[in-house]
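Okay, so here's the structure we're looking at.
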Amino acid sequence: MQALNTSALLDFLQQFRAMDALIKLMSRVRNLVMATGLLCFAAGGLSFPFFLATSRNKPIIDPSKPLPPQATFRGPYINTGSRDIGPDSTTYPKM
């Protein structure tokens, strides 16, 4: 009877060790899948601006058409001056 209990205990320990190894393997696989997903997400996020910039064949403002009213009011670029005053031509001394 004692030998039967010892062999059953050894079988249980072997199954436990096998299950523990399987759990460790599964956690490593999960970590690998998570790391791969995060790397793909980061690569997609970093490459998106480059893809967006190179995918457009035409310029944002079409030079053959007149500017829309908001663009003529502010100028084609925001900080280049305005229509009513014009750019600042004053030279300021350095401090």
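Per full-length UniProt numbering, the sequence shown starts with residue 1, numbered consecutively.
Where a beta carbon is used, it is the ideal one built from N, C-alpha and C, also for glycine.
Checklist entry - Would you say the beta carbon of Leu52 comes nearer than 7 Å to a heavy atom of the ligand SAM? => result For the ligand SAM, the structure offers nothing, since it holds no ligand at all.
Next on the checklist: Looking only at its chain, what residues have a beta carbon closer than 7 Å to the beta carbon of Ser7, apart from the 5 residues adjacent to it on each side?
Outcome noted: Looking up residue 7 in the sequence shown gives position 7. Excluding residues within five positions, none has a Cβ falling inside 7 Å.
Next on the checklist: Could you compute how far the alpha carbon of Leu38 sits from the alpha carbon of Thr90?
Outcome noted: Translated into the one-based positions of the sequence shown, residue 38 becomes position 38. Translated into the one-based positions of the sequence shown, residue 90 becomes position 90. So the two alpha carbons sit approximately 52 Å from each other.
Checklist entry - Taking the alpha-carbon positions, what's the Phe51 to Leu13 distance? => result Counting from 1 along the sequence shown, the entry for residue 51 is found at position 51. Counting from 1 along the sequence shown, the entry for residue 13 is found at position 13. Put simply, the backbone Cα of Phe51 is about 55 Å away from that of Leu13.
Checklist entry - If you run the structure through DSSP and keep just helix, strand and coil, what is Thr90? => result Residue 90 sits at position 90 when you count from the first residue of the sequence shown. In the structure shown, Thr90 sits in coil (DSSP, three-state: anything other than H, G, I, E or B).
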